[in-house]
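In our numbering, the protein residues as written are 16 to 236. The beta carbon of each residue, even a glycine, is placed where N, CA and C say it ideally should be. Here the structure is laid out as structure tokens; the discussion comes afterwards.
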Ligand SMILES: [Cu+2]
């Protein structure tokens with residue numbers, strides 16, 4: 016497949032299994048989607064009810080003596096709001112594990128430098144590769160991302176990860192690929208950075224841990 020040939024392909028569905036980071040984001044998204052739809056149903060229903068129930072019947076003065084609900088209604092609203100906020104808050108904070116960089120043994124770190132117009136990858140053994148990223152399977156991969164010229168944004172859509180590449184600054188992200196394969200054009204620039212922006216595409220290749228260690232690992236066997 017040519018470098019630009021498959022750029023229109025969608026990546027959802029390419030992976031057989033959902034990577035753990037994607038599952039976490041999907042769960043958080045579903046919580047907000049459910050709460051949002053539920054809120055919309057309640058608010059729009061109440062609005063429509065009020066429009067019909069309190070429509071003008073030709074009287075000149077506002078209707079007096081509307082039913083008062085008092086403290087019970089206030090208490091019910093506070094309780095419902097509290098439950099909704101507790102659910103949204105707990106699920107959101109649980110998702111922060113996707114953002115915090117894991118500090119566990121067995122992770123591998125690759126440095127990424129964006130440039131006009133492409134990506135450089137520096138591996139633990141010092142190897143410097145222009146173009147494509149190769150990572151080991153079932154391993155937490157940490158990327159140290161920067162830029163050598165203008166602002167870029169490194170992103171892998173199928174893994175729901177994206178981080179700004181800013182000159183003079185190192186931003187980190189992590190992911191864990193659970194299946195081997197060659198993912199054509201999986202890496203893209205997500206910051207409009209100039210005339211070559213659309214061509215800042217790279218492949219992601221996921222190989223076995225032993226193969227990766229033999230090729231890019233710090234300790235060669
Ligand atoms: Cu760019």
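If residue 131 and residue 165 are in contact, beta carbons under 8 angstroms, what's the gap, nearest whole angstrom? 7 angstroms
Among 146, 214, 216 and 152, whose alpha-carbon lies nearest the alpha-carbon of residue 193? 152
Using a Cβ-based criterion (distance less than 6 angstroms to any ligand heavy atom), does residue 215 qualify as near ligand 1? yes
For residue 209, which residues from the same chain have a beta carbon less than 7 angstroms from its beta carbon, with the 5 sequence-adjacent residues on both sides left out? 131 and 165
Through-space distance from residue 101 to residue 128, alpha-carbon basis: 40 angstroms
Alpha carbon to alpha carbon, how far is residue 183 from residue 141? 20 angstroms
Exposed or buried, which one is residue 170 when buried takes at least 16 other CB atoms within 10 Å? buried
Output yes if chain C places a C-beta closer than 7 angstroms to the C-beta of residue 117; else output no. Of the protein chains in this structure there is only one, and it is not chain C.
Bridge partners of residue 186, per DSSP? 160
Three-state secondary structure assigned by DSSP to residue 220: strand
Check residue 43 in the structure and name its three-state DSSP category. helix
Helix, strand or coil at residue 49 [DSSP, three-state]: helix
Across the region 215 to 223 and the region 58 to 70, are there enough close Cβ pairs to call them in contact, namely three or more that are closer than 8 angstroms? no
Counting along the chain, where does the alpha helix (DSSP H) carrying residue 127 start and finish? Element bounds for residue 127: not the alpha helix (DSSP H) but the beta strand (DSSP E), 123 to 130.
Per DSSP, the bridge partner or partners of residue 64: Residue 64 is not bridged to any residue.
Quick check on DSSP: helix, strand or coil for residue 95? helix
Please report the straight-line C-alpha distance between residue 229 and residue 222, rounded to a whole angstrom. 11 angstroms
Between the C-alpha atoms of residue 226 and residue 187, what's the straight-line distance to the nearest angstrom? 24 angstroms
Which residues in the same chain have their Cβ closer than 7 angstroms to the Cβ of residue 231, if we skip the five residues on either side of it in sequence? 138, 139, 140, 142 and 149
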